[in-house]
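Asker: Here the sequence shown is numbered in the working numbering, starting from -2 and rising by one per residue.
By construction, the Cβ of each residue, glycine as well, lies at the ideal position given by its N, Cα and C atoms.
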Amino acid sequence: MKRKKITKMLALTMTVAILLSGCASDDVASEVTENFEDSVMTESSLAQEETVIPAEDVWESMDIEFSSGDLEVGYDETENTTIEFLDESEIVVSGGGVELADNVVAITAGGTYILSGSIAEGQVVVDVAQDENVQLVLNGVKMHCEKHAALYIEQAKKVFLTLAAGSENTLSGGEIYELASKDSDVDGVIFSREDMTINGSGTLCISTAYQHGIVSEKILSVTGGDLEITSAGHALDGKNCVKIKSGTFTLTAGEDGIHSGNEDSNKGYVYIEDGIFTINAVDDGIHADGHLLVDGGEILIAQSNEGMEGRTVTIRDGKIALKSEDDGINATASKEETTEALQGAGEEAANETKEEPVVFIRFMGGEVVVDANGDGIDSNGNLYMEEGNVCVYGPLSDGDAAIDYETAAVVTGGVMLASGSSGMSVGFGRQSTQCSFMYAFESTKLASETVTVSDSSGNTIIAWTPDKDYSCIVVTTPLLVKGYTYTVHAGEEQGEIELTDIVASNRGHQEMGGGPGGMPGNPPESLPEDMRFREGMKPPEGMERPARMPRPEEQTAK
């Protein structure tokens, strides 16, 4: 290696040490990224001639655009219909397109409707022509509906739910719905059979002990607003997809925080462009039957069974911290897709072989912290590490691992530090272009014992203190160079790792992960310091984290 390159690598040592001490730093991340290309990564890449497995750009099949109507929050206050709830029971309507019956407001024509006031027991129903749009402006509404959805959208081309600036709106439901056969599937405080967009800058609070908070049987889009949802089921549920451009979300869910489920392989996806999220979920923090794509935002999943799950999970940008009882980030095909693939494999003679679904986890940027009691990062397909900073506090049980994958794990850039148990530990594969190593210690190290990796001159390459006990680490950074020997130190134990190949291990290299992870271990009693977001990334005021996560036997049954 040229002396110039060595000098640059040494100059970056302190920067990277600072970065990895917290695994997420706004001040140094961009500086490190800018310098990586000119430092050791270039020579590491040239030294490796193996072909890198391509990562499929599956999001090209997703509709991640937002229409002008999704973003439009204005309305003409003179050309609309106003609906005012008075004295908890009286309803006053000014304008057309509305029919009233037994405290039910039926909207029968397209247009803009402004709602305000409070009603103890009421409902708004939208049922207009299939080619008509409806804009509902919530301007200080408080409405409870005990036996049905408080807002029920039966038919429309699309409904825009606008939260008026400065307004506080509350919708709530009862414990059991009384439904006729034609609407027996209604299962949310807000339930729409059509595409629905929530926008504006006001606040919407939803609470229900029956099923879900907000449900769309088609596309659920959110482009603004402050949403606070407490639900027995999913907080946000879009059958075809959930798309979020911006907003503030405080989601407490008895099932998934954000959910999209659809048997169609081109649907059932979740896309997050931006937003601030605090999620406490009994099941998954964010779940997609299809693809899950994160392009930005600040996401704190303070409690979950699995933090993020999809057939594919791609993180291109954003700040994510999650805590899970089982897997932290999980990629897996749906049961239906897996069954079809297996059936196809048994029908080869009839030329009816089913194509196996694409499954992977892909890091393309951003900053991610995972605290998992199951597998930290678990792909039942491939794992790609390309850019970004990823820190994993993995399981204490030997039945799980900090990273796990089914077929291949390829690292071409970025920084990943993973600590956890050693029983099922695996490292990255030889098709990588960036160096990595797995190191198993002779004894379990305490969470307070700092890990340092130094070069032959004693310069610290990385240093960080895992927030949980650990006996094995997996490390990749552009500062590791093939052909060099490094010293690994933790507690009273010290050893060497020689990078004779693009991948290395002090106990013989292990790759090719297994299938689904095992049972989760005991959770830590509090949220790790590194999972507490810095300035601008704190949960909304009044939102408290649980003292500990519930054990499986304590969780609410579905």
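Under the assumption that Met435 contacts Gly424 (Cβ atoms under 8 Å), give the Cβ distance between them as a whole number of angstroms.
Answerer: Correct: roughly 4 Å between the Cβ atoms.
Asker: Are Asn386 and Glu364 close, meaning C-beta to C-beta below 9 Å?
Answerer: Against a cut-off of 9 Å, the Cβ pair of Glu364 and Asn386 comes out as a contact.
Asker: In whole angstroms, what is the alpha-carbon distance linking Ile458 and Thr275?
Answerer: Approximately 34 Å, taken between the alpha carbons.
Asker: Going straight from the alpha carbon of Val70 to that of Tyr483, what length do you get?
Answerer: Whole-angstrom Cα-Cα distance: 57 Å.
Asker: May I have a chain-ordered list of the alpha helix (DSSP H) segments no shorter than 4 residues that lie completely inside the segment 414 to 454?
Answerer: Entirely contained in the segment 414 to 454, not one alpha helix (DSSP H) run reaches 4 residues.
Asker: Have a look at Glu118, Leu160, Glu175 and Ala103 and flag the residue whose alpha-carbon is nearest the alpha-carbon of Gln152.
Answerer: Comparing Cα-Cα distances from Gln152 to each of Glu118, Leu160, Glu175 and Ala103, the minimum goes to Ala103.
Asker: Kindly indicate the opening and closing residues of the alpha helix (DSSP H) around Ser65.
Answerer: Its alpha helix (DSSP H) spans residues Ser65 to Leu68.
Asker: Spell out the partners DSSP gives His288 in its beta bridges.
Answerer: Thr309.
Asker: Drop a sphere of 10 angstroms on the beta-carbon of Arg504, count the other beta-carbons inside from all chains shown, and report buried for 16 or more, exposed for fewer.
Answerer: When all chains shown are included, Arg504 counts as exposed.
Asker: Is DSSP giving Ser218 helix, strand or coil here?
Answerer: Ser218 falls in the strand class under three-state DSSP.
Asker: If you pair each beta-carbon of the segment 128 to 142 with each one of the segment 154 to 168, do three or more pairs fall below 8 Å?
Answerer: Touching, yes.
Asker: Among Ile255, Asp368 and Glu57, which residue has its Cα nearest to the Cα of Ile226?
Answerer: Per the Cα distances, Ile255.
Asker: Considering only the beta carbon of each residue, do Thr205 and Ser228 sit closer than 9 Å?
Answerer: In this structure, Ser228 lies closer than 9 Å to Thr205 by Cβ.
Asker: Label Gly294 either buried or exposed according to how many other C-beta atoms from any shown protein chain fall within 10 Å of its C-beta, with 16 as the threshold for buried.
Answerer: Flag for Gly294 reads buried.
Asker: How close, in whole Å, do the beta carbons of Asn370 and Glu322 come, if the pair is a contact with beta carbons under 8 Å?
Answerer: With 8 Å as the limit, Asn370 and Glu322 qualify as a contact, their Cβ atoms being about 5 Å apart.
Asker: Spatial neighbours of Ala147 within its chain, please: C-beta separation below 8 Å, excluding the five flanking residues on both sides.
Answerer: Only Gly119, Gln120, Val121, Met140, His141, Leu168, Ser169, Gly170, Val186 and Ile187 meet the Cβ criterion.
Asker: Going by alpha carbons, who is nearest to Leu248 out of Leu476, Ala398, Cys202 and Ser451?
Answerer: That would be Cys202, whose Cα lies nearest to the Cα of Leu248.
Asker: Less than 8 Å between the CB atoms is what I'm expecting for Ser90 and Thr78, so what's the real figure, rounded?
Answerer: As written in the sequence, residue 90 is Val, which differs from the Ser given in the question. Yes, they are in contact, since the Cβ atoms of Val90 and Thr78 sit about 7 Å apart, within 8 Å.
Asker: On the DSSP letters alone, give me the boundaries of the beta strand (DSSP E) that Thr247 sits inside.
Answerer: Element bounds for Thr247: Thr245 to Ala250.
Asker: Between the C-alpha atoms of Gly343 and Glu403, what's the straight-line distance to the nearest angstrom?
Answerer: Its pLDDT being 49, under 50, Gly343 is placed unreliably by the model, and the measurement read from it follows with that caveat. Distance between the alpha carbons of Gly343 and Glu403 is about 21 Å.
Asker: Around the Cβ of Thr447, are there at least 16 other Cβ atoms within 10 angstroms (buried) or fewer (exposed)?
Answerer: The residue in question, Thr447, is exposed, as its Cβ has fewer than 16 Cβ neighbours within 10 Å.
Asker: Is the separation between the beta-carbon of Lys242 and that of Leu217 shorter than 9 Å?
Answerer: It is not a contact, given that the beta carbons lie outside the stated cut-off.
Asker: Spell out the partners DSSP gives Arg359 in its beta bridges.
Answerer: Thr311 and Tyr381, per the DSSP bridge assignment.
Asker: Of the choices Gly199, Gly362, Glu384 and Lys144, whose alpha-carbon is the least far from that of Asp223?
Answerer: The candidate whose alpha carbon is nearest that of Asp223 is Gly199.
Asker: Give the DSSP-derived three-state secondary structure of Ser164 in the structure shown.
Answerer: Three-state result, Ser164: coil.
Asker: Would you call Met528 buried or exposed, if buried means 16 or more other Cβ atoms sit within 10 Å of its Cβ?
Answerer: Residue confidence for Met528 is low, a pLDDT of 39 falling below 50, so the modelled location carries little weight; the figure read from the coordinates is stated next. Result: buried.
Asker: With DSSP as the reference, please indicate the residues paired to Trp56 in a beta bridge.
Answerer: Note: Trp56 sits in no beta bridge, so no partner.
Asker: Per DSSP, what kind of secondary structure is Ser321 in: helix, strand or coil?
Answerer: Strand at Ser321.
Asker: Candidates Asn259, Leu290 and Gly251: which alpha carbon is nearest Val267's?
Answerer: Ranking Asn259, Leu290 and Gly251 by Cα distance to Val267 puts Leu290 first.
Asker: Are the beta-carbon atoms of Asp253 and His231 separated by less than 9 Å?
Answerer: Their beta carbons are under 9 Å apart, which means Asp253 touches His231 by this criterion.
Asker: What is the C-beta distance between Pro463 and Gln431, in whole angstroms, given that I count them as a contact (C-beta under 8 Å)?
Answerer: In fact, because the Cβ distance is near 22 Å, the residues do not count as touching under 8 Å.
Asker: Leaving out five residues before and five after Ile317 in sequence, what residues of the same chain have Cβ atoms less than 6 Å from its Cβ?
Answerer: Cβ neighbours of Ile317 beyond the five flanking positions: Ile296 and Val365.
Asker: Using CA atoms only, rank isn't needed, just tell me which of Ser445, Asp466, Phe438 and Arg427 is closest to Leu601.
Answerer: It is not possible to answer for residue 601, since the shown part of the chain is limited to -2 through 555.
Asker: In chain order, what residues of the same chain have a beta carbon less than 7 Å from the beta carbon of Gly282, not counting five sequence neighbours either side?
Answerer: Excluding sequence neighbours, Gly282 sits near Gly254, Ile276, Ile298, Ser301, Gly304, Met305 and Leu319.
Asker: On the premise that Ala398 lies in contact with Ser422, defined as a C-beta separation below 8 Å, what is that separation, rounded to the nearest angstrom?
Answerer: That pair is a contact at about 5 Å.
Asker: Here's the rule I'm using: 16 or more other beta-carbon atoms within 10 Å means buried, otherwise exposed. How should Asp375 be labelled?
Answerer: Asp375 should be labelled buried.
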